[in-house]
Amino acid sequence: MADNKRELVITRVFDAPRELVWRAWTDPKILKRWWGPRGVTNPTCEWEATPGGKIDIVMLAGKELGSFAGQKWPMEGTFREVTPQSRLVFTSNALDDIKDMMIESQVTVDFDAMGSKTKMRLHILVTNSTQKAEAALQGMEMGWSQSIDKLAEELAKG
Amino acid sequence: MDVFYALAEPSRRKIIELLANSGRLTATEICGSFKITPQAISQHLKVLLEARVLSFDRQAQRRIYRINPDSMLEVERWTRHMESLWNERLDALDRVLEEEKRRAGNKKGNGNGRQ
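Chains as they are written, first to last, in our numbering: chain A, 348 to 505; chain Y, 881 to 995.
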């Protein structure tokens, strides 16, 4: 991958207290309701938010996604740091059907209370990727690019 | 060869756009989307290869062109892709937080009080 580091930082302010945002990120019952893009459900959602805890999520594409319907996109990982209401660090390996590693990243989420709101900073750093990931990313991109473009337009407006 | 020089020409930008959308294409497939001559396309591909914006794999006699995975362009493409994915996910989180807030509000309203 040469010297070009693949990383991404997203900052958001949620109109909810930090305690609730933290719960939404650490309680698998709440997490499974928002994890994964539109049209995707999470039939498997193991999310053990303690240091060393395991992540095992399988996203399932629904009818809305047309030709992708029925496809499964698994993701595995391990929690590296869990500082209550303050910071989550976990590794994430997005896997293909036969569980070969594709793209490996480290995700850091920081939470800051701002009165009754919460500022969240998400940092994703790709630590390793294989050729397979390139193909998968391209496939995902083709499938989702339309709705993603629409979303991007909406976000640009607001 | 400078990346900015390579990107300055509109046809070359269109070639990159095609490859960004399609992943991998042969020169013939790229030519199909243009009105200019195959010679001109071949010249543009050469410039893009020298600037390391594109790379190619060989398949029999043919070259299959793609955006060079090590180029800044590819990194930017990945970043935009991941950003959209996460923004969609965080929009969903926003909705879930609203639901949870309402749920907590109802509990209070029913006289269950705080924990």
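Positions of the beta carbon are idealized from the N, C-alpha and C atoms, including for glycine.
With a cutoff of 8 Å on beta-carbon distance, E428 (chain A) and N440 (chain A) are scored as not near each other. Of Y:V883, Y:Y885, Y:F914, the smallest CA-CA separation from L898 (chain Y) is found for Y:F914. Chain order gives the chain Y residues near A363 (chain A) as L977, K981, where near means a beta carbon separation below 7 Å. Cα atoms of K987 (chain Y) and E980 (chain Y): separation of roughly 11 Å, rounded to the nearest angstrom. Of all C-beta pairs linking the region 359 to 371 of chain A to the region 384 to 393 of chain A, fewer than three are shorter than 8 Å, placing the two stretches out of contact. At a Cβ-Cβ threshold of 8 Å, F426 (chain A) and V454 (chain A) do not count as neighbours.
Under a criterion of Cβ atoms nearer than 7 Å, no residue of chain Y is adjacent to I404 (chain A); the nearest Cβ is some 12 Å distant. Interface annotation, E968 (chain Y): in contact with chain A, CB-CB separation under 8 Å.
Of all alpha-carbon atoms in A:T474, A:D362, A:R380, A:D374, the one lying nearest the alpha-carbon of E451 (chain A) is that of A:T474. Among the residues of chain A, those whose CB is under 8 Å from the CB of E963 (chain Y) are L355, I357, following chain order.
Close to chain Y, meaning a Cβ-Cβ distance shorter than 9 Å, are the following residues of the region 364 to 387 of chain A: P364, L367, V368, R370, A371, W372, I377, L378, R380, W381, W382, G383, P384, R385. Nearest neighbour of L435 (chain A) by Cα position, chosen from A:K376, A:A396, A:N389, A:T388, turns out to be A:A396.
Rounded to whole angstroms, Y885 (chain Y) and S891 (chain Y) show a C-alpha spacing of 12 Å.
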